[in-house]
Amino acid sequence: MEYSLPIVLYGNILIPRLHHLFVKVEAEVEHLPFLNGGEGCADARFLFFFMGFVNSYRSRPGSNMDPPLTFVSPHPVQQNSYELQLETRSWLDAQSFCRLNHADLANVTSPAEGEKVKALLQRDGVEQAWFGLHRDSWVWTDGSATSYTSWLAGQPNNAGRSQGCVYMEKENWNDFPCTNQYYVLCQSKATFTPPSATRV
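As numbered in UniProt numbering, residues 1 to 200 make up the sequence shown, in order.
Shown next, in the form of structure tokens:
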């Protein structure tokens with residue numbers, strides 16, 4: 001069963017409310033006693049990861065998820081950005097490198113993101129780079145499903161039944177053996193940008 005829990009973002013005194021976001025939680029009802037009339041285990045703990053912050057909500061007997069979980073941000077949020085690493089690595093080494101130094105291998109989930117990545121590769125004269133798609137029902141490294149694709153003609157073909165990873169060739173994608181060495185496209189962590197000084 002899927003539940004949507006509200007997260008409300010606010011700015012500081014000089015910045016109005018920014019966004020309402022929702023975190024989706026998938027779980028069986030019996031594992032969510034506070035959503036099931038308090039039956040079963042009376043204490044459940046949830047961890048919500050949002051832009052590097054961890055919020056925890058501990059349910060109590062009779063709790064009805066009130067009040068909603070609120071995340072307060074003093075600064076506007078900058079979206080994730082891409083960073084190209086000009087050192088060749090295998091796909092698994094690339095994934096480890098990105099997770100250690102950034103956030104993860106890049107997800108390209110829309111035509112707009114595809115154009116952004118294409119411009120980045122062109123800027124540095126790079127034609128091929130690993131990113132975060134792999135052959136596990138074609139999911140991203142963070143486990144999210146693929147809704148947007150940009151495959152080269154005839155791809156993916158899993159030639160030799162050994163092509164489990166995906167690299168970007170200009171703006172298109174191709175599956176290839178994970179041991180090949182390509183440049184690496186990482187996705188950087190979201191950061192908070194302090195607002196400029198405002199006189200009142």
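A virtual CB, placed ideally from N, CA and C, is assigned to each residue, including glycine.
For the 7 Å CB-CB criterion, V184 and W130 form a contact. Following the DSSP letters along the chain, one finds W138 in no beta strand (DSSP E), marked with neither H nor E.
Annotated three-state conformation of E87 is strand, per DSSP. Between S110 and S188, the C-beta gap is not smaller than 7 Å, which leaves the two residues out of contact.
Excluding residues up to 5 positions away in sequence, D104, N107, G132 lie with their Cβ nearer than 8 Å to the Cβ of D142 in the same chain. Check the Cα spacing between V117 and each of Y182, R89, E171, N180: the tightest is with E171.
The shortest C-alpha to C-alpha distance from A153 to any of R89, D124, D175, R123 is the one to D175. Closest in C-alpha terms to L86, from the list G125, H102, R99, comes G125. Closest in alpha carbon position to Q163, among T146, D136, A94, is D136.
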